[in-house]
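Residue numbers (this note's numbering): 9 to 179.
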């Protein structure tokens, strides 16, 4: 059985951040995606805190939250934000949320989110493969390109030694 996506993958990918070396999503973004109030999501987490160890879910520090908020241009002081730092969920924490939030939408959105994390991981692998291939080609063909650059430098140097172009006044 294939579920049709509820949301474009880009919407999910644009809400994935990196903190403490881990890809995470904010509690408020997850609440919007699940169409639940943020307090309901956080309450469900607190009631099941044993399911959310620090590598699944953690609270941002004041500095991390300030840094992230500075990227949200539309936020104004005193408006649009919570009075405390948000919880963030890793891929594993998001998977655990499906067991805590039992609505059909939460389960369907969780599947999409996990697929977005997998797609990002695959992209990272592809980029590292590409980087290795470029490094290999650079090492392999570096000597040949050196000859080309040396020839270009020599041509430029020879051209600059030629006489000036233009008319001269006879004295």
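From the three backbone atoms N, C-alpha and C, an ideal C-beta is built for every residue, glycine too. What you are looking at is a predicted structure, and each value in this text was computed from that prediction instead of being measured.
Checking the DSSP bridge columns, you'll see residue 24 partnered with 33. For residue 51, the enclosing alpha helix (DSSP H) begins and ends at 46 to 55. Assignment of residue 97 by DSSP, reduced to helix, strand and coil, places it in the strand class. Per DSSP, the continuous beta strand (DSSP E) segment holding residue 66 begins and ends at 65 to 67.
In the structure shown, residue 60 falls within a coil segment according to DSSP collapsed to helix, strand and coil.
Annotation: the continuous alpha helix (DSSP H) that includes residue 72 extends over 70 to 77. Nearest in C-alpha terms to residue 23, of all of 76, 62 and 48, is 76. In the three-state reduction of the DSSP assignment, residue 111 falls in the coil class.
Excluding five sequence positions before and after residue 114, the CB atoms of its chain that fall closer than 8 Å to its own CB belong to 42, 44, 105 and 106, given in chain order.
Of the candidates 108, 16, 38 and 36, the residue whose Cα lies closest to the Cα of residue 60 is 108. Here DSSP, grouped into helix, strand and coil, assigns residue 18 to helix. The alpha-carbon separation between residue 29 and residue 159 amounts to approximately 46 Å.
Under the three-state reduction of DSSP, residue 43 is assigned to coil, being neither helix nor strand. Annotated three-state conformation of residue 92 is coil, per DSSP.
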